[in-house]
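Number of protein chains: 2
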Amino acid sequence: MKIAQIAPLWETVPPTTYGGTELVVSRLTEELVRRGHDVTLFASGDSQTLARLEAGSPRALRLDKSIKEPVMYELLHASEVYKHAEEFDIIHSHVGVWSLALASMVSTPTVHTLHGTFTRDNNKVFRQHHTQPYISISDSQRLLNINYVATVYNGISVELFPFYEKAQEPPYLAFLGRFSPEKGPQHAIAIAKETGWRLKMAGKVDVVDKEFFDKEIAPHIDGKQIEFLGEMNHQQKAELLGNASATLFPITWSEPFGLVMVESMVVGTPVIAMNMGSVSEVIANGVSGYVCQSYEEMAKMIPKALQLSRHKCREHVENKFSVKHMVDGYEAVYEKIVGERNFRNWFNTALRSSLESITSFTR
Amino acid sequence: MKIAQIAPLWETVPPTTYGGTELVVSRLTEELVRRGHDVTLFASGDSQTLARLEAGSPRALRLDKSIKEPVMYELLHASEVYKHAEEFDIIHSHVGVWSLALASMVSTPTVHTLHGTFTRDNNKVFRQHHTQPYISISDSQRLLNINYVATVYNGISVELFPFYEKAQEPPYLAFLGRFSPEKGPQHAIAIAKETGWRLKMAGKVDVVDKEFFDKEIAPHIDGKQIEFLGEMNHQQKAELLGNASATLFPITWSEPFGLVMVESMVVGTPVIAMNMGSVSEVIANGVSGYVCQSYEEMAKMIPKALQLSRHKCREHVENKFSVKHMVDGYEAVYEKIVGERNFRNWFNTALRSSLESITSFTR
């Protein structure tokens, strides 16, 4: 199949540090190439791929300080893809609103994976193009009345994560994620203090979250019970999560997927999470962690989480959140949509030629 | 002719205070309706027009504080127009980059008036769509290698401006415009101080220009020789300019049009301007003002400007920058482009039927 992938330009594909969407696009693209598809990746020019790379910008926009109007590159990027639309059987967009208007103008079908969240303003653009085929990354993400054709969970490269047979002594809880109110680091601290557990926290602090961090997080960091370890690379993340007794995921918003839960389970560590967004789809409750209705319940479930099988945690990821599963899911969507399009084309041609026969007969 | 006009959503059409582009779109749209065209205006929902109004947003974006992501409305707006492209003979876009990709996907032609300036980032989008037909608002604005089909100067409603037979006593110079370094208010002050002339200044101070204003302008305002009068409505602007002996236009950048020069000349006041951007096209040098090569030359030309005929200043606007001239210019472009398209369609149809005759003959 001839497939175009449209990646965001903000980070390279794959990303050097953060960039959940770019990581998913990379895993998907490389696996599609391995499966024999003819794939063109529209991404920043400093991306690395086995596919044909078409550069939407010379470098990832986040790294190019000379760029003042990033939206100009979003426009360039989408337009470049659709100029070549006829060369593909299917276009897979990971850029949300930027490809929608153009997708509705060409005969090559586009599928759109929704990686982000709906906002007061962007939801109007999705609703304007509600007949386009959308893929949600969890069922919980289906908050708009638009044409969802499948849910395909994000997949990780299981083989890149070591398995941690048992938690480190002395034991601790882990928190990994952006330090923003939505991710709930303040609740992780409260749970640790209430139960007396040690807590190791890591992740980035965005500029917009600086005040939140300074006020609600920093005063609690003592380097003993509550540790803050800053940003981490892949290896460090696996260690932090793998050595933990349990990972806390005390979110306060509707997380559309929550990759950290999967990264924790794959290294063997159960996740205790607040039941919002995708949580109940990602955790096998009572097997790979606990889905809780309150932050108090999260605190209470820590002793029970320690009893869970770390092997079962990893197995759960292997069975549901591997790159193989993700790519199987996307391939099935491509085949369905291209199949429907081919059938429509065949049907229209057949109908036309039948009508022509009848017309010539009765002429 | 069935014409779609795409206006920016930032201000209403016409604008309540500032908004040069929205004012031009309004004058053009109303006159096209009066000339019998079937016009649809895509603009903010609180716009006023004789044409059919299609709302791209309920209210002008500048006035709607609840909007966090204005680009979403730019996307919605452009997409809504091109969904209906087949209903028009021609689409006239005043929104720059936002309509370009879509314009290149439909058979209905679009003409794009370039109201703004090219930036390091946006010029890439124009170059990507270099074959689209562009209209410059001055010849000096043609800085990119793209398909310019005409220059159409902005036109004003001459009848809405009173004529001031002679300047007020005691005499003064006028400066009207945004208080930003590009508009050169600092040079206006220097010229006034050097020559001993009084200077009355008016215009808005944008947030980004606050520091410039506080440092370079405010210390010179004494309310006697140098007066600052703040933002002004139409009536106040006409008075400020009309009572002046001359208007200073000491720009430091390539102004694409410079409406203030026209507003000054129409009320009878000559303009002394720095020769950058459109200046030499807008001022009839030695008739309606002076086009100077330096700020020193501007100071020297003040006595000569006092000798110019104020009637000739107004006549120059009547002959070159009226709404009638502007609409004549745009109508000519529409006719040329629609004519070419009709010819292409006719030619293709004729060619196809000739080929079919030949084929059937030799079968």
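For the protein sequence lines, the chains are U and A, in the order given. Each residue of the first sequence is one higher than the one before, starting from 0 at the first, in numbering that gives the first Met the number 0. Each residue of the second sequence is one higher than the one before, starting from 0 at the first, in numbering that gives the first Met the number 0. All residues carry an ideal CB built from backbone N, CA and C; glycine is no exception. Predicted, not measured: the structure shown is a model, and the values here were computed from it.
- Under the three-state reduction of DSSP output, Phe320 (chain A) falls in the coil class, being neither helix nor strand.
- Between Gly328 (chain U) and Val151 (chain U) the beta-carbon gap is near 4 angstroms, inside 8 angstroms, which marks them as a contact.
- Rounded to whole angstroms, the separation of the alpha carbons of Ile89 (chain U) and Lys67 (chain U) is 32 angstroms.
- Contact check for Ile190 (chain U) against Ala298 (chain U) passes: the beta carbons are separated by less than 8 angstroms.
- When only Cα atoms are considered, His233 (chain U) and Met71 (chain U) end up about 32 angstroms apart.
- Counting C-beta pairs closer than 8 angstroms gives fewer than three between the stretch 107-121 of chain A and the stretch 151-161 of chain U, which falls short of the contact rule.
- C-alpha of Leu49 (chain A) to C-alpha of Val94 (chain A): approximately 21 angstroms in a straight line.
- The Cβ neighbour count for Trp345 (chain A), taken over all protein chains shown within 10 Å, is under 16; the residue is labelled exposed.
- Distance from the CA of Leu198 (chain A) to the CA of Glu238 (chain A), rounded to the nearest whole angstrom, comes to 14 angstroms.
- The residue from A:Glu53, A:Gly115, A:Met0 with its alpha-carbon nearest to that of Leu31 (chain A) is A:Met0.
- Three or more pairs of CB atoms, one per stretch, sit closer than 8 angstroms, so the stretch 273-283 of chain A contacts the stretch 249-258 of chain A.
- Secondary structure remark: continuous alpha helix (DSSP H) runs of at least 4 residues inside the stretch 266-296 of chain A, in chain order: 278-281.
- Two segments are said to touch when three or more pairs of C-beta atoms, one from each, lie closer than 8 angstroms; by this definition the stretch 118-137 of chain A does not touch the stretch 206-226 of chain A.
- Here the alpha carbons of Glu79 (chain A) and Thr130 (chain U) stand approximately 15 angstroms from one another.
- DSSP, read as helix, strand or coil, puts Tyr329 (chain A) in helix.
- Near chain A, meaning a CB-to-CB distance below 8 angstroms, the residues of the stretch 114-142 of chain U are Thr118, Arg119, Asp120, Asn121, Lys123, Val124, Gln127, His128.
- In this chain, Arg26 (chain U) is not harboured by any beta strand (DSSP E); it is covered by the alpha helix (DSSP H) spanning 19-33.
- The Cβ atoms of Ser65 (chain U) and Leu8 (chain U) lie no closer than 8 angstroms to each other.
- Out of A:Pro249, A:His128, A:Gly115, A:Phe87, the CA that lies nearest to the CA of Ala272 (chain A) is found in A:Pro249.
- The closest CA to that of Val286 (chain A), considering only A:Ala59, A:Arg313, A:Glu230, is found on A:Arg313.
- Straight-line spacing of the CA atoms in Phe41 (chain A) and Leu74 (chain A) works out to 13 angstroms.
- Interface criterion not met: the Cβ of Tyr147 (chain U) is under 8 angstroms from no Cβ in chain A.
- Within chain U, the residues whose beta carbon sits less than 7 angstroms from that of Val70 (chain A) are Val70, listed in sequence order.
- For Thr194 (chain A), the enclosing alpha helix (DSSP H) begins and ends at 184-194.
- Taking the Cα of His83 (chain U) as reference, the smallest distance to any Cα among U:Arg26, U:Val105, U:Ser352 is reached at U:Val105.
- Secondary structure note for Phe125 (chain A): its alpha helix (DSSP H) is the uninterrupted segment 121-127.
- If you keep only unbroken alpha helix (DSSP H) runs of at least 4 residues inside the stretch 78-148 of chain A, you get 99-102, 121-127.
- Nearest C-alpha to Tyr147 (chain U) among U:Ile155, U:Gly154, U:Asn153, U:Pro132: U:Pro132.
- Going by C-alpha positions, Arg33 (chain A) is about 30 angstroms away from Arg343 (chain A).
- Counting C-beta atoms within 10 angstroms of its own C-beta, Leu247 (chain A) has 16 or more neighbours from the protein chains shown and is therefore classed as buried.
- Inclusion of Ser244 (chain A) and Ala166 (chain A) in the CB contact set at 8 angstroms is warranted, their separation being smaller than that value.
- Distance from Met260 (chain A) to Gly154 (chain A) at the Cβ level is roughly 13 angstroms; contact not present, criterion being Cβ atoms closer than 8 angstroms.
- DSSP lists A:Leu40, A:His91 as the beta-bridge partner residues of Gln4 (chain A).
- Ranked by how close their Cα comes to the Cα of Val281 (chain A), the residues A:Glu296, A:Glu262, A:Gln292, A:Glu295 have A:Glu262 in first place.
- Listed along the chain, the chain A residues whose CB falls inside 8 angstroms of the CB of Val206 (chain U) amount to none; the nearest CB is some 17 angstroms away.
- DSSP lists A:Ala272 as the beta-bridge partner residues of Phe248 (chain A).
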